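For what it's worth, the numbering used here labels the leading residue of the sequence shown as 620, then goes sequentially.
For reference, the structure is listed below as C-alpha cells.
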Amino acid sequence: MAKSATEGWMEWLRYVSSGCPDDPDLQPVTPPKTDRRFTGPEWQYPSFAAAAQAFLLTEELAEKAARNVPGLAPSRQASMAFLTRQILDAVSPSNFPMTNPKVLARTLQTGGANIHHGLDRVVRDVTSGEQPAKTAKIGKDVATAPGRVVYRNHLIELIQYEPTTEQVHPEPVLIVPAWIMKYYILDLSPGNSLVRYLTEQGFTVFMISWRNPTAEDAHYGMQDYLDLGPRAALDVIADRTGMHSVHAAGYCLGGTLLSIAAAAMARDGDNRLASMTLLAAQTDFSEPGELSLFIDESQVSFLEDVMHAQGYLDASQMMSAFQMLRSNDLVWSQMIHKYLLGDEDAPMNDLMSWNADTTRMPARMHSEYLRHMFLNNDLAAGRYHVDGHHISLRDIRSPVFAVGTETDHIAPWTSVFKIHNLAHADVTFALTNGGHNAGVLSEPGHSHRHYRLHTARDQGKALSPEDWMQAAQREDGSWWPAWAAWLADKSGPKGQPPKMGKALDDAPGTYVFQE
C-alpha cells in the first residue's frame, strides 16, 4: 500500500509541477467512457487539461488508498472508496465556473446571463420542489402495443398482446417486470418496444402490469406477489388459452421473483416453464455492488420504521440512493447544465418519462425482500421458503437465458452471472453494453450496440466471469435477435395464434395509470 501511495503521489506532483499535459514522460489518466466531465476541445488547453489530469490522478490515488487497507474488511473498503469518490466528485474542476472552460466560454458569450439564469433556476427549484413532469402519454406515445387486459386481481392486470404475424410459436412468452417502476419500459415507443419486437418474431406475449400500492396494501408480502403475480398469470394462460408450456422472462426485481416461482415449480413437479429468461436480475446477493452500501441492518431497520408509519416506501425515498451511485451523471452533470451553463431542460424522451413515472413498495414486501435477499441471501443459500417449505434454485432444469449489462450500477453483471452456479441447467449468458435500463433496451438498429454471448452447459466445467469473457463471442448490434433465436429454438413449430382472451379493458389497462 505504501509503495502504491508513494508512486501515486509522485505522479500527481509531477503533473501539478509540470503544468504540461503533453510531457512525454507523463502517463495520462484515461477516464472511463462513461465519464464525460472532461470531454470536448475546451479541455485540451494546457491549464485545463493539467487540472483535469491532476484531479483524475487524485481520484485514482484515493481509490487505491481506500481499496488497499490491510486488515480492513472488503465491505468497509468499498464504503471508504464510495465515500471518497462522493467527496471528490463534489470538488471536480468541472463543477466550478473558474475551472470549467465550457462555463467560462458561455459566460463570456452571454455576458454572464447564463449565471443569472442559473441562479434564478436555483431559487425556483428550491422553493417549488417540483419534480419533472412526464411528457410521454401512456397509451399514445408509450405502452402502445395493441392488446387487452384478460385478467385482473388486486396486484396485477395481465395483458395479452395481439399477434402481428399469421403464425406463432405455440409457447407464449410471459414477462414479469419489476414493480419498483411501471411495466411499460418493455413497451416504450413503437421503435424500441420489446413487446412489439417479440410479436413480430412470431411469439404470443403476455405482460404483468403491477398495481401501484397504497397504505392499505402494507400487509402484502413476497408470497402475495408470487401468488397473485407469476403464479396467477401462468394459471390464466393455461386455463384460458390451453397453452401449458410457457417461456417466462423477468426483469430486475421481477426476475428475482420469477426465479423463486421457477424453483417452487421445480420442487413441486410443475413443468410448465419451457425456459426462464432473467434480464438484469439477481438471484445471488452476496456481491450486489455498491447498492449494498445503502442496505445494512441499521438502514433496513430505519426503513422499516418509515414504512410502518406510512405503509409503503415512496419512490422519492429510493431515488437518492440511485442518484448517488451515478452522481456524475444524475447530480453534478445536471447541476452544471442547469445552473452554470444556463441550459434549458431538454425535452424528455420516452425512457426519461418512464423514469419519472414512479411507484411505491408495500411495507411488508419491501422489508422481506431486503432481509431475505440483500441481508441474508436466503434464495441462493437454499433457505428461502415458499408455501412453508424451502426451495432451491438447483432444482431448476429449464434452460436459462440471462442478460447482464456492462455498466449496471443496480445489478452488476458479475452478480447476475452467478445464476451459472445456482441453476441445474444450461445457461446462455449475454453481456451487453449499456446500463441497467439502456442495456436491456437495445433494439435492432440502435447505434453503438454490441454484446457477448456464450452458453455454459450444465454438464460442463464451471466458468468464472473472467473465463466466460474469454470464451464469449463478441457481436455487434442488438442482443434481441439472439434471444429471439434462442426462444425459437426452444419452441415448437409455428401454427395458428391462440384466441384472444375476453377483454376486461384494452391495453395498457388501468393499473398503469395509477399515481
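Ideal Cβ positions, reconstructed from N, Cα and C, are used throughout, including at glycine.
Bear in mind that the values here come from a model prediction, so they are computed numbers and not experimental data.
*Tell whether a beta-carbon distance below 8 Å holds between G737 and L959.*
yes
*So does the region 923-935 actually touch the region 680-697, counting three or more Cβ pairs closer than 8 Å?*
no
*Reference G766, options I734, E781, T658 and W1105, closest by Cα*: E781
*Quick one, which of L872, W1087 and Q1115 has its alpha-carbon nearest N1056's?*
L872
_Can you tell me which residues form a DSSP beta bridge with T1024?_
T1051
*Best match in K1080, V865 and D744 for proximity to F825 [C-alpha to C-alpha]*: V865
_Based on DSSP bridge pairs, tell me the residues matched to T677._
Answer by DSSP bridge pairing: none, since T677 is not bridged.
*Could you tell me whether the Cβ atoms of N714 and E1062 are closer together than 8 Å?*
no
*What span of residues does the beta strand (DSSP E) with A762 cover, start to end?*
Looking at the DSSP string, A762 is not in any beta strand (DSSP E), and its letter there is neither H nor E.
*Taking the Cβ atom as the reference point for each residue, do P720 and Y664 lie within a distance shorter than 8 Å?*
yes
*Provide the residue(s) that pair with F825 in DSSP beta bridges, ordered along the chain.*
Q779 and L793
*Could you tell me which of L680, N687, R704 and D708 sits nearest to R656, measuring between CA atoms?*
D708
_Residues near S905 by beta carbon distance below 6 Å, same chain, minus five either side_ = N996
*Assign S1011 to one of three DSSP states: helix, strand, or coil.*
coil
*Helix, strand or coil at V787 [DSSP, three-state]*: strand
_8 Å contact criterion, which F1036 and S894 should meet: CB distance rounded_ = About 18 Å separates the two Cβ atoms, so there is no contact after all.
*From I794, G1053, T649 and H956, pick the residue whose C-alpha is nearest to that of H1067; which is it?*
G1053
*Let me know the secondary structure DSSP gives Y664 once reduced to three states.*
coil
*Under the assumption that G874 contacts A852 (Cβ atoms under 8 Å), give the Cβ distance between them as a whole number of angstroms.*
With 8 Å as the limit, G874 and A852 do not qualify as a contact, their Cβ atoms being about 15 Å apart.
*Count the C-beta pairs between the region 913-922 and the region 988-1002 that are closer than 8 Å, then say yes if the count reaches three, no if not.*
yes
*Do Y816 and P981 come within 8 Å of each other at the CB atom, strictly closer than that value?*
no
*Helix, strand or coil: how does DSSP classify M862 here?*
coil
_M620 versus L680: straight-line alpha-carbon distance, rounded_ = Note that M620 scores a pLDDT of 48, beneath 50, so its modelled location is shaky; the value from the coordinates is reported in the next line. One C-alpha to the other measures close to 11 Å.
*Is T1051 near T1024, with beta carbons less than 8 Å apart?*
yes
*Is it buried or exposed for S711, if we count other Cβ within 10 angstroms and need 16 for buried?*
buried
*asked:* Measuring straight from C-alpha to C-alpha, what distance separates R704 and T653?
replied: 15 Å
*If you pair each beta-carbon of the region 1076-1094 with each one of the region 1029-1045, do three or more pairs fall below 8 Å?*
yes
*Could you round the C-beta distance between Y1070 and N831 to whole angstroms and report it? I think they count as a contact, below 8 Å.*
Contact doesn't hold; Cβ gap of about 33 Å is too wide.
*Give the range of the beta strand (DSSP E) segment to which Q929 is assigned.*
From DSSP, Q929 is part of no beta strand (DSSP E) but of the alpha helix (DSSP H) over E916 to Q929.
*When the Cα atoms are used, what is the spatial distance from Q1089 to A1104?*
23 Å
_So for Q1092, helix, strand or coil by DSSP?_
strand
_Proximity winner among A762, R1016 and I856, relative to D887 (alpha-carbon distances)_ = R1016
_Collapsed DSSP secondary structure at V1059 in the structure displayed_ = coil
*Leaving out five residues before and five after L1106 in sequence, what residues of the same chain have Cβ atoms less than 6 Å from its Cβ?*
H866
*Does the separation of the CB atoms of W973 and L807 fall below 8 Å?*
yes
_Through-space distance from V745 to A759, alpha-carbon basis_ = Here residue 759 turns out to be Lys, not Ala, going by the sequence shown. Distance between the alpha carbons of K759 and V745 is about 33 Å.
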